[in-house]
Every structure is written in C-alpha cells, then in structure tokens.
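Remarks on the structure that follows.
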Amino acid sequence: MIELKNISKTFRTSKREIHALRDVSLQIEEGKIFGIIGKSGAGKSTLIRCVNLLERPDTGEVLINGTNLLNLSNSKLTLERRKIGMIFQHFNLLSSRTVEENIAFPMELEGISKSQIRTKVDELLHLVGIHEKAKEYPTNLSGGQKQRVAIARALANNPTVLLCDEATSALDPATTKSILRLLKEINQRLNLTILLITHEMEVINSICDEVGVIENGKLVEHGTVEEIFTNPKENITQEFIKNSLDIALPLSFQKNLVDTYSENDSTIYKINFTNQPKFNQLIAEINSLYNIEAEIVNSRIEYAGEINYGTFFLKINSKENSAIETYLQQNKFNLEKIGYVRSSY
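Quick note: to get this note's numbering, add 19 to the position in the sequence shown (first position is 1).
Rendered as structure tokens:
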C-alpha cells in the first residue's frame, strides 16, 4: 500500500517560491491502479516523484507498505527503492545497449548471476510482447516498443509498486491503448500497485480503479472512477470530463447553422447526460410521445464501471419544443440549444 500524509513541497528560486504540493494526503490500496490527473504545472509530476523520493518533500510522510521512506538511511532507502519501479514519458533507455541489455541493467547493478538474469529477461520479454526485439537497439524501435522495454526494465527487480510518469503522452492513440492494456494485464497478473499521472481522462477511465484530481498543488477531489465521472464536484474535474467528451457538430450542419428560425427549419441541441441506462430508447420515446421526428447527428458515449455518460447532438424537426425540452430536463438530460438548420440537413 502507498500512503502519503500531509505532503508539501516548495521550490525556491532567487526571485520567487513555487508551492508545488500543498498538504497532499492519499491512500492507494495494494493491487489497485490509482490515477492522478491535473493540468500542466498542477504538481502531479512532483507528487509521483515524492513517492520514491526522487523529490524529497519538505513536510509529511511517505509510507510504502507501512515503511516511512523519509526515516530511512541512504542504504536502506536504496533497498526500498528497488521495490518501486518507474517508467517515464520519454522511455529513458540506454541507446548503447540492446533491448535485452537494457532490461538486464537493473539486475546487473544488483549483482544477480548471469544465468538468473537471462531467465528473467526472457520472461519479461515475453510478458511485454517484444521477445523478437531482444537484440535490437532502441533507435530501431517504435515508441510503443520502447515503452514496452521501459516497462520490462521497471519490472526487473520484482517491484511491488509501479510509478508511471505520463507513460503514454508521447504515443499515438492506438499505441496508447495497447500500452494501457499491457499495464492492466501486468496489474492483474502480478497484483502490482500502479500509480500513474496523466492529463487525459480517457487514460483514467481506461484502466484506473481510483482517481485523484490535483490543482495548484492541492488534491482537490478523489474517489473511485465511477464516483468521479458520474458526480464530479470540482470545476476542474467537470472541465476534464467535459473535454474528454468534446465532440463537434458535423461540418455539413455547421455550415448551415443559423441563429434565427425560418419555416421548416430543424432545431439543434447539444445534450449531456450521466447514468441513463435507457439512453438508446430516447429517440423512440420522443417520436412516440410528441409525434415529432428526432435524430441524433453525432454522439460519444462512455462508461465508468457500469454507469454511462456522454454527449450528443439532437436534431428535432420543429421550433416549438418546450414540451420536449421539459421532458429531457425532467429525465436529467442537460441541454443547450445550438441553433437551427434547414430541414434538408
């Protein structure tokens, strides 16, 4: 288990003080994946680096499985750090070493026998899915392959905790998904506790069990992914979720969107919702109740656990829609009238 108690960290320059962390406390249970999300400069990188004391906090306690790292001598801290793996945004591989040599490096520093290293390297290569790249150098690898090497290297000393510092930010969307699937698989197979930081809610929703939101050095909100996505309390959290669901009105509609109604125009609404298990029945119910043609012209629906949430654009072929607006609001759909388009669209 990871436990941070009242962690604060201030960086000082000749001109000013930067309060990177302000009295941050959190607990991460063994075997969980905990995500920290925040904007650039919010303090999330400082926070994750305080877990293994790459950054030493000014105040507070850092406990890993009950041991306060801040109370340890340098030699004992070195031993505890071996139980904490870490992967980075830009991989940090040794360019002069092959894939298998990069993975072997932490074990060589430990003085492990060559035969044990070979066995472990082979096991890790298969685990991360790059066994055929063992003899390659990092310059010959794709970004996703490099990150798989970095993950394997971080697992070389059998850590109980894995720290992920923006581990997918340098990757394309498809590769990001494959790396997140790998991290989830490793978490389940090894019962590894994972703490990751990101600025993308999609990453949080993909693999995390719990999430903390950091703003201006403070942990302003935290809970299960389901709790945070379905009932965000802070403005910053609501903004992250809204941006993660941001979709555009199709271009053909944008070109013909007007502010004033003309005869036979259709009304366009942008609608947000949370926890609507009967969402798929919405159009049929509107058509049945009001005898008005309604159509969804673009949508994005996600799930946090078993609860859905999403955004969609709704086109209704009429102007007088007060009854429909009331119906939607009573059923806890949040709607915004965008404008009108010609009925042919």
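Just so it is clear, CB atoms sit at the ideal spot from N, CA and C, and this is done for glycine as well.
- Scanning Ile47, Asp141, Ile55, Leu40 for the CA closest to the CA of Ile26 turns up Leu40.
- The beta-carbon distance between Ala173 and Gly104, rounded to whole angstroms, is 3 Å. This is short enough to meet the 8 Å contact definition.
- Within the DSSP secondary-structure output, Tyr288 pairs in a beta bridge with Leu333, Lys356.
- For a cut-off of 8 Å, the C-beta gap from Ser318 to Asp184 is around 34 Å, too long to register as a contact.
- Between Val232 and Gly57, the C-beta gap is smaller than 8 Å, which places the two residues in contact.
- Under the DSSP assignment, Phe30 falls in the beta strand (DSSP E) whose first and last residues are 21-31.
- Bounds of any alpha helix (DSSP H) do not take in Thr243; it lies within the beta strand (DSSP E) bounded by 237-243.
- Cα atoms of Asn291 and Glu321: separation of roughly 12 Å, rounded to the nearest angstrom.
- For Ile311, no beta strand (DSSP E) segment is defined, and its DSSP state is neither H nor E.
- Rounded to whole angstroms, the Cβ separation of Gly50 and Thr212 is 6 Å, and the two are in contact under 8 Å.
- The DSSP-derived three-state label of Glu253 is coil.
- Three or more beta-carbon pairs drawn from the region 294-313 and the region 321-331 are found closer than 8 Å, and the two stretches are therefore classed as touching.
- Partner residues in the beta bridge of Glu234, as assigned by DSSP, are Lys237.
- With respect to the C-alpha of Ile357, the residue from Ile335, Asn294, Tyr288 having the closest C-alpha is Tyr288.
- Closest in alpha carbon position to Ser341, among Pro251, Glu355, Ser225, is Glu355.
- In this structure, Ser225 and Thr158 do not form a Cβ contact; the two beta carbons are roughly 29 Å apart against a cut-off of 8 Å.
- DSSP, reduced to helix, strand and coil, places Asp141 within a helical segment of the structure shown.
- DSSP, reduced to helix, strand and coil, places Leu82 within a strand of the structure shown.
- By the C-beta density criterion, Leu23 is buried, having at least 16 other C-beta atoms within 10 angstroms.
- Phe331 counts as buried, since no fewer than 16 other beta carbons sit within 10 angstroms of its beta carbon.
- Beta-bridge analysis with DSSP links Met126 to no other residue.
- Note that the C-beta distance between Glu80 and Leu89 is below 8 Å.
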